[in-house]
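Colleague: Below is the structure I would like to discuss, written out as structure tokens.
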Amino acid sequence: MQGLTAELIRGMWYVAMPGRDLKPGKLAAKTLLKEPVLLGRKADGSVFALRDVCPHRGIPLRYGRMVEDTVECCYHGWRFDAGGTCVEIPSLREGQQVELGKIRCGAYSCVERHGLVWVFMPRASETPAEAGFPAPPAIPDFEDRSAPRFHVMLPFACSTDHAAFGLMDPTHAAYVHTSWWFKSQARKLRPKEKVFEPSDLGWRMVRHPLPPQNTIYRRLFGEGVTTEIAYMLPGLRFESIRGSKNRAMGLTAITPVDEQTTEVHQFFWASHGWIPVLKPLIEHLMRVFLDQDRTVAVRQREGLIHEPTLMLINDADTQARWWMRVKRAFLDAQAKGEGFENPVRPMTLRWRS
Ligand code: FES
Ligand SMILES: [Fe+2]
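Take the position in the sequence shown, starting the count at 1, then add 131; the result is the number in this note's numbering.
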């Protein structure tokens with residue numbers, strides 16, 4: 132956690148992009164955990180992910196195009212199906228035998244769930260089921276087919292560890308998120324006390340009523356508004372809000388590009404009947420908010436280059452400690468082929484924010 136890089140967690144599902152941005156017949160190239168991944172959508176709506184390198188001469192397949200549910204390489208027109216198998220070599224003439232089925236560019240397990248495109252990044256060639264994660268995590272309170280209403284993504288010039296610390300850092304908001312619409316009385320710190328318990332691959336801040344100053348929330352969600360925040364590997368933060376009128380779910384997903392660069396996605400699902408014209412405004416505000424975190428990461432990097440010894444203090448940084456412990460326990464268990472044992476114990480944390 133000290134430095135510019137973080138160990139990457141393999142054998143898990145990662146959020147690659149929102150499904151709404153992957154149109155039928157189109158391709159989208161990403162770097163996930165240092166690997167070139169090409170995402171596409173077939174005519175029937177299903178998504179797929181290929182290794183973005185043509186096995187003929189190595190040019191990325193993203194420079195090609197979709198032709199009848201296959202990806203055609205831009206160089207010599209070889210075509211690959213959604214499973215990564217070559218199905219056509221245009222230059223072949225009669226009598227020139229090539230076993231197309233043996234030519235493969237490589238493919239990843241890829242599914243669309245809750246409007247997100249998830250890609251499984253294996254350790255070797257194991258399937259998601261063999262890794263113990265047959266499907267990506269569900270979004271509680273919302274159906275599999277429900278798409279997020281809002282999404283923003285910003286690339287962060289920091290490792291997944293520092294991006295994760297930012298997600299679970301309860302005391303930076305008063306100094307970093309100082310927009311008038313979020314924290315108008317930024318420096319008025321209040322004492323906080325929250326109950327935490329271990330949960331699936333991480334921990335959660337136990338469901339509790341929202342503090343009385345959140346009047347906007349009460350307007351939107353009705354009476355008895357409660358919230359629960361859960362954190363889980365490989366870098367997901369679920370924030371569930373429930374009230375008498377409406378429910379919402381926020382997901383922050385950190386997806387490593389490599390050991391020192393991270394894509395941070397922010398999604399929102401909501402049961403409200405939103406007015407569509409507000410969408411650009413809301414996504415703008417989300418981007419402003421996320422950009423405040425991104426700016427901190429850029430500045431932090433200027434210091435991390437000098438390899439300082441960093442500190443984690445109680446109780447404000449206890450969750451950052453948990454992140455490192457949970458991650459270590461998971462990676463050790465994975466390496467030994469054993470079951471993961473969650474090292475987090477139920478605890479009440481206290482801080483000012
Ligand atoms: S390099 Fe892709 S078809 Fe030749
Ligand atoms: Fe933040």
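Yeah, the Cβ is synthetic: ideal placement off N, Cα and C, and Gly gets one too. Bear in mind that the values here come from a model prediction, so they are computed numbers and not experimental data.
1) Report whether the distance from the Cβ of D183 to the nearest heavy atom of ligand 2 is below 6 Å.
2) Could you tell me whether the stretch 431-442 touches the stretch 407-416, where touching means 3 or more Cβ pairs closer than 8 Å?
3) Closest Cβ-Cβ distance between V326 and chain C: below 7 Å?
4) With a 10 Å radius around its C-beta and 16 neighbouring C-beta atoms as the bar for buried, classify L161 as buried or exposed.
5) Under three-state DSSP, which class holds Y239?
6) Let's see if you can read the secondary structure: which residues bound the alpha helix (DSSP H) around P411?
7) Counting along the chain, where does the alpha helix (DSSP H) carrying F281 start and finish?
8) Can the beta-carbon of L332 be found less than 7 Å from the beta-carbon of L364?
9) Between F398 and A379, which are expected to be in contact by the criterion C-beta below 8 Å, what is the C-beta distance as a whole number of angstroms?
10) Tell me, to the nearest whole angstrom, how far the beta carbon of W453 is from that of K323; I am working on the premise that it is less than 8 Å.
11) Could you check what DSSP says for F211 in three-state terms: helix, strand or coil?
12) Identify every residue that forms a DSSP beta bridge with Y194.
13) Do three or more CB pairs link the stretch 208-217 to the stretch 276-287 at distances below 8 Å?
14) Regarding C204 and ligand 1, is the C-beta to nearest heavy atom distance less than 6 Å?
15) Once DSSP output is grouped into helix, strand and coil, what is the label at I220?
16) Since I360 sits in a beta bridge, which residues does DSSP pair it with?
17) Is there contact here, the stretch 414-433 with the stretch 190-199, by at least three beta-carbon pairs under 8 Å?
18) Classify D275 as buried or exposed, calling it buried when 16 or more other Cβ atoms lie within 10 Å of its own Cβ.
19) Report yes if the C-beta of I234 is less than 6 Å from at least one heavy atom of ligand 1; otherwise report no.
20) To the nearest angstrom, how far is the alpha carbon of L92 from that of R182?
21) Compute the beta-carbon to beta-carbon distance between T136 and E390, rounded to the nearest angstrom, for a pair I have assumed lies under 8 Å.
22) What are the partner residues of K323, as DSSP defines its beta bridges?
23) Is any heavy atom in ligand 1 found nearer than 6 Å to the beta carbon of R210?
24) Can you tell me whether DSSP reads K161 as helix, strand or coil?
25) Report yes if the CB atom of W334 is closer than 7 Å to the CB atom of V475, and no otherwise.
26) Using the beta-carbon count (16 or more within 10 Å), is Q227 buried or exposed?
27) Specify the secondary structure class of W405 as computed by DSSP and reduced to three states.
28) Nearest to K173 by CA position, among K165, A213, P267, P167, is which residue?
Modeller: Taking the structure as given:
1) no
2) no
3) Absent from the structure: chain C. Only one protein chain is present.
4) Looking at the sequence itself, residue 161 is Lys, so the reference to Leu does not match. Flag for K161 reads buried.
5) strand
6) 410-435
7) Note, F281: premise wrong, no alpha helix (DSSP H); beta strand (DSSP E) at 281-287.
8) yes
9) Actually they do not touch by this definition, with Cβ atoms about 11 Å apart.
10) Their Cβ separation, rounded to whole angstroms, is 17 Å, which puts W453 and K323 out of contact at 8 Å.
11) strand
12) Partner(s): none; Y194 has no beta bridge.
13) no
14) yes
15) coil
16) M336, E370
17) no
18) exposed
19) no
20) The requested residue 92 is not part of the displayed model; the chain covers only 132 to 484.
21) 4 Å
22) W482
23) no
24) strand
25) yes
26) exposed
27) coil
28) A213
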